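Participant:
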Amino acid sequence: MSEVDLIPVLSQEEVAEIEAEISHLPDRPSAAIDALMIVQKHRGWVSDESLSAIAHLLGMSTAELDGVATFYNLIYRQPVGRHVISVCDSVSCYVMGADGLAKDLEAKLGISFGETTADERFTLLPIVCLGACDKAPTMQIDEDLIENVSAERLDDIFEKYK
Amino acid sequence: MSLLDTKPLTGRVEEVGGPVFLADYEAGGGYVAAKKAITQMTPAEVIEEVKDSNLRGRGGAGFPTGTKWGFVPPGPSPDGGVKYLVCNGDEMEPGTFKDRWLISNNPHSLIEGMLIGAYAIGATKAYVFLRGEYFEPKAKLEEAIDEAKAAGYLGKGLFNTEFELDFRIHSSGGRYICGEETALLNALEGKRAQPRNKPPFPPASGAWGRPTIVNNVETYCNVPSIIEKGADWFRDLGLTEDAGTKIYGVSGRVNNPGLWELPIGTTIREIIEEHAGGMQDGYQLRGLLPGGASTDFLVEEHFDLAMDYGTIQAAGSRMGTGTMILMDDSICPVDMSRNLQHFFAQESCGFCTPCREGLPWIESLLLDIEEGRGQPGDLEVLDQNAQYIGAPGNTFCLHATGAIEPLQSALKYFREDFERHITEGRCPYRTNGSA
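Now the structure itself:
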């Protein structure tokens, strides 16, 4: 892909949001994480094409930006389902039975951690301590924190996420 | 007497009965301290007051806050460049849930504490580095920032002085190592969050090479009341040689898990029995991690100790974040250790060999032992490698050191459990007897 093709990969809206971040930073590459998150917010994940376009916009090499993108847990370099279920596997949830819950979730969804359901409804991922340890076990679906999760509650919980 | 006299961090939330926004915050004396600091005190006087208060970092390390602020070169920078004040709101230490609560419920106390801190060090730009997963706290903080801007507490010409503060949130891309302050600064700069070599320390050269102070959420939230009521009042709140209150937390099989603001130095037993309601029926407490996943286990002989920096350190652990994780008698110490090492292995930034290679290797050996494949001599190998990996100085930062703290103490206090796994070739905690 030639240079002139790169920027149009991003929408005007994405570019405007990224430029707004750059405007209060000392230099363009400092907006790398913000820019990745902005594109992911619009597209659900960061494709190779998006990555190259962002790198071009920020004046960085694609390799350097991929080094940043792959470092962070919340930046997805593969497509995800319409909803992402992030299940806490850290110690407070572990003590309250998170390992069993993880198995229940896999059985219920028919997928393993790191996979997406065939209907692309859910992607199942592990996540580090969500900071709600007095209400363990916990998980997050998209932006919603869900506390005191139990296998019995899963059907009700999933209802909201089509 | 107001609740704020004994509970400066949470008292107003208790009075209001929920999240405190600007009108309620002002009605409880909010922003009086910032006005006092900025209009009636010099930056040096603010730093002196915070030093006198003996406020220590509430993120886990316990470094004296005023002393840290004093490391920033005072006055305008000779080259005219900016200084930064950063809040570490990257709460990701497993078992820690106090900063989420503080930001969500008392966001103006964080803003006001940072406003005072920025004035003290001459910073004109402030960032709250917030966990990317903290959507609700972020929304609450954004609302409070908007209110503070509209009311003239953030922006330019504050309190009719020359002082100005640009205040922003950075949402993290998510990685535990971002909690290490120099890794956090790299992340703020849009880079991989690898810790930096030190020195230079951030007060000399931090964000974008400028003088920078990084403090925890709870630390900043303590500052307004220190300025308003004075260092003597703050010191008197503590029960032991430490000053102020502490937000303690308990998670695990207790009747009433939660958070409580108590005088610093309250005993472990009082926190668990009086506040967390004691253990649930059918569960016995065997041990606990006093302040997050990277602190050494404490056991029965320690439960009457005061939760303060010095006492817990003398017992061989750390108060850390003050939010304790309880291990009851249904939990296998080997498997819990495996869970902890899985976290640390995954969250290593990968820069230093002992941490990148050593932690996954330890996790894998623990899994072998847990699943009945342990060999005689494995525990000695674990002891030895824990020493190599955990020794400060073998790695850039203290990630591996923190990882080894719960492991070494588990090997010490629950040795018999580890040995039984090897001699019996199975985990005695698994009722079906197989892996």
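First to last, the protein sequences are chains A and B. For the first sequence, the residue numbers in the numbering used here are -16 to 145. For the second sequence, the residue numbers in the numbering used here are 12 to 446. Heads up, the beta-carbon is just placed ideally off N, CA and C, and yes, glycines get one too. Owing to the predicted nature of the structure, the values given are computational and were not obtained by experimental measurement.
Could you check what DSSP says for E147 of chain B in three-state terms: helix, strand or coil?
Facilitator: Taking the second sequence and counting its residues from 1, the one referred to as residue 147 of chain B is at position 136. DSSP places E147 of chain B in helix when its eight states are reduced to three.
Participant: For T406 of chain B, verify whether its CB is less than 7 Å away from any heavy atom of the ligand ATP.
Facilitator: The model on display carries no ligand, and the ligand ATP is accordingly not part of it.
Participant: Quick one: is K423 of chain B buried, meaning 16 or more other Cβ sit within 10 Å of its Cβ, or exposed?
Facilitator: Here residue 423 of chain B refers to the residue found at position 412 when the second sequence is read from its first residue. Burial call: exposed.
Participant: Nearest to N226 of chain B by alpha carbon, out of B:P75, B:N396, B:E26 and B:Q386?
Facilitator: Within the second sequence, numbered from 1, the residue matching residue 226 of chain B stands at position 215. Per the Cα distances, B:P75.
Participant: So R297 of chain B contacts chain A; which residues on that side make the cut at Cβ distance below 8 Å?
Facilitator: The residue given as residue 297 of chain B occupies position 286 in the second sequence. Correct list: empty, because the minimum Cβ distance to chain A is about 11 Å.
Participant: Distance check for G388 of chain B and S88 of chain B, CA to CA, integer angstroms please.
Facilitator: Along the second sequence, read from residue 1 onward, the residue named residue 88 of chain B stands at position 77. Along the second sequence, read from residue 1 onward, the residue named residue 388 of chain B stands at position 377. For S88 of chain B and G388 of chain B, the distance between alpha carbons rounds to 59 Å.
Participant: Provide the residue(s) that pair with W271 of chain B in DSSP beta bridges, ordered along the chain.
Facilitator: Here the question's residue 271 of chain B lines up with position 260 in the second sequence. Beta-bridge partners assigned by DSSP to W271 of chain B: B:Y259.
Participant: Going by C-alpha to C-alpha distance, which of B:S182, B:Y130 and B:E123 sits closest to A155 of chain B?
Facilitator: If you number the second sequence from 1, residue 155 of chain B lands on position 144. Per the Cα distances, B:E123.
Participant: Can you tell me which of the three DSSP states K167 of chain B falls into?
Facilitator: To locate residue 167 of chain B, count along the second sequence from 1; it is residue 156. Residue state for K167 of chain B is assigned as coil, using DSSP reduced to three classes.
Participant: Starting from V228 of chain B and walking both ways along the beta strand (DSSP E), at which residues does that stretch end?
Facilitator: As a working mapping, residue 228 of chain B is identified with position 217 in the second sequence. Premise fails: V228 of chain B lies in the alpha helix (DSSP H), V228 to K240, not in any beta strand (DSSP E).
Participant: For R23 of chain B, count neighbouring C-beta atoms within 10 Å of its own C-beta (all shown protein chains included) and say buried if the count is 16 or more, exposed if not.
Facilitator: Here residue 23 of chain B refers to the residue found at position 12 of the second sequence. Residue environment analysis places R23 of chain B among the buried positions, since at least 16 neighbouring C-beta atoms fall within 10 angstroms of its C-beta.
Participant: Going along the chain, which residues of its own chain have a beta-carbon closer than 6 Å to the beta-carbon of E26 of chain B, five neighbours each way excluded?
Facilitator: What you label residue 26 of chain B is simply residue 15 of the second sequence in a count that begins at 1. Contacts found: L14.
Participant: Between A134 of chain B and K94 of chain B, is the Cβ-Cβ spacing less than 8 Å?
Facilitator: For the purposes of this step, residue 134 of chain B is taken as the residue at position 123 of the second sequence. For the purposes of this step, residue 94 of chain B is taken as the residue at position 83 of the second sequence. Going by C-beta atoms, A134 of chain B is nearer than 8 Å to K94 of chain B.
Participant: Which residues bound the alpha helix (DSSP H) around R455 of chain B?
Facilitator: Since the first and last residues shown for chain B are 12 and 446, residue 455 of chain B lies out of range.
Participant: Does the beta carbon of P120 of chain A sit closer than 8 Å to a beta carbon anywhere in chain B?
Facilitator: As a first step, residue 120 of chain A is located in the first sequence; it is residue number 137 there, counting from the start. Not one chain B Cβ lies under 8 Å of P120 of chain A.
Participant: Please report the residue range of the beta strand (DSSP E) in which F429 of chain B lies.
Facilitator: Residue mapping note: residue 429 of chain B aligns to position 418 of the second sequence, counting from 1. Note, F429 of chain B: premise wrong, no beta strand (DSSP E); alpha helix (DSSP H) at R426 to E435.
Participant: Within 10 Å of its beta-carbon, does A44 of chain B have 16 or more other beta-carbons around it, so buried, or fewer, so exposed?
Facilitator: Sequence index remark: in the second sequence, residue 44 of chain B carries index 33 (1-based). Buried: at least 16 other Cβ atoms inside 10 Å.
Participant: Can you have a look at N341 of chain B and say buried or exposed, based on whether 16 or more other CB atoms are within 10 angstroms of its CB?
Facilitator: As a working note, residue 341 of chain B is residue 330 in the second sequence. The amino acid at residue 341 of chain B is misidentified as Asn; the sequence shows Ser. Exposed, by the Cβ-count rule.
Participant: Hey, quick one: how far does the alpha helix (DSSP H) through L111 of chain B stretch, first residue to last?
Facilitator: By one-based count along the second sequence, residue 111 of chain B stands at place 100. The sequence shown places Arg at residue 111 of chain B, rather than the Leu named in the question. Counted as a single uninterrupted DSSP element, the alpha helix (DSSP H) harbouring R111 of chain B occupies residues K109 to N116.
Participant: Looking at the secondary structure, which residues open and close the alpha helix (DSSP H) in which G330 of chain B lies?
Facilitator: The residue you call residue 330 of chain B lines up with position 319 of the second sequence. The displayed chain sequence assigns Met, not Gly, to residue 330 of chain B. Here M330 of chain B belongs to no alpha helix (DSSP H), and DSSP marks it neither H nor E.
Participant: Starting from M122 of chain A, follow its DSSP beta bridges and name the residues at the other end.
Facilitator: Translated into positions along the first sequence, residue 122 of chain A becomes position 139. M122 of chain A is bridged to A:V70 and A:I129.
Participant: Give the C-beta separation of G260 of chain B and D117 of chain A to the nearest angstrom, bearing in mind that I take them to be a contact with Cβ-Cβ under 8 Å.
Facilitator: For the purposes of this step, residue 260 of chain B is taken as residue 249 along the second sequence, with counting starting at 1. For the purposes of this step, residue 117 of chain A is taken as residue 134 along the first sequence, with counting starting at 1. G260 of chain B to D117 of chain A, Cβ: 7 Å. Contact.
Participant: Y77 of chain A and M347 of chain B - do their beta-carbons sit closer together than 8 Å?
Facilitator: Against the second sequence, residue 347 of chain B aligns to sequence position 336. Against the first sequence, residue 77 of chain A aligns to sequence position 94. Their beta carbons are under 8 Å apart, which means M347 of chain B touches Y77 of chain A by this criterion.
Participant: If C232 of chain B sits next to S120 of chain B, beta carbons under 8 Å apart, how far is it from one beta carbon to the other, in whole angstroms?
Facilitator: Position 221 of the second sequence holds residue 232 of chain B. Position 109 of the second sequence holds residue 120 of chain B. Taking the Cβ atoms as the reference, C232 of chain B lies roughly 5 Å from S120 of chain B, within the contact range of under 8 Å.
Participant: Output needed in chain order: residues of the segment 29 to 55 of chain A with a Cβ under 7 Å from some Cβ in chain B.
Facilitator: G50, V51, F54 and Y55
Participant: Against chain B, which members of the segment 12 to 30 of chain A pass a CB distance test of less than 9 Å?
Facilitator: P12, S13, A14, A15, I16, D17, A18, L19 and M20
Participant: How big is the Cα-Cα spacing for T256 of chain B and E382 of chain B?
Facilitator: Working through the second sequence from its first residue, we reach residue 256 of chain B at position 245. Working through the second sequence from its first residue, we reach residue 382 of chain B at position 371. CA-to-CA, the gap between T256 of chain B and E382 of chain B works out to about 43 Å.
Participant: Give me the Cα-Cα distance between G401 of chain B and N171 of chain B, rounded to the nearest whole angstrom.
Facilitator: Position 390 of the second sequence, counted from the first residue, corresponds to residue 401 of chain B. Position 160 of the second sequence, counted from the first residue, corresponds to residue 171 of chain B. Approximately 52 Å, taken between the alpha carbons.
Participant: Taking DSSP's pairing of strands, which residues face R179 of chain B in a bridge?
Facilitator: Within the second sequence, numbered from 1, the residue matching residue 179 of chain B stands at position 168. Answer is B:Y138, bridged to R179 of chain B.
Participant: So for E(-3) of chain A, helix, strand or coil by DSSP?
Facilitator: Working through the first sequence from its first residue, we reach residue -3 of chain A at position 14. Of the three classes helix, strand and coil, the one that applies to E(-3) of chain A here is helix, per DSSP.
Participant: For K202 of chain B, decide whether its Cβ has a neighbour in chain A, counting only Cβ atoms nearer than 8 Å.
Facilitator: Indexing the second sequence from 1 puts residue 202 of chain B at position 191. So, interface residue.
Participant: G303 of chain B bridges to which residues according to DSSP?
Facilitator: For this step, residue 303 of chain B is matched to residue 292 along the second sequence. Paired residues: B:P301.
Participant: Does any residue of chain B bring its CB to less than 8 Å from the CB of H66 of chain A?
Facilitator: Residue mapping note: residue 66 of chain A aligns to position 83 of the first sequence, counting from 1. No - not a single Cβ of chain B is within 8 Å of the one on H66 of chain A.
Participant: Could you check whether I238 of chain B and K18 of chain B sit closer than 8 Å to each other, using their CB atoms as the reference points?
Facilitator: Against the second sequence, residue 18 of chain B aligns to sequence position 7. Against the second sequence, residue 238 of chain B aligns to sequence position 227. No; because the gap between Cβ atoms is not below 8 Å, this pair is not in contact.
Participant: Are three or more beta carbon pairs between the segment 241 to 253 of chain B and the segment 267 to 279 of chain B nearer than 8 Å?
Facilitator: yes
Participant: For F146 of chain B, go through chain A and note every residue whose CB falls closer than 7 Å to its CB, in chain order.
Facilitator: Against the second sequence, residue 146 of chain B aligns to sequence position 135. Result: E126.
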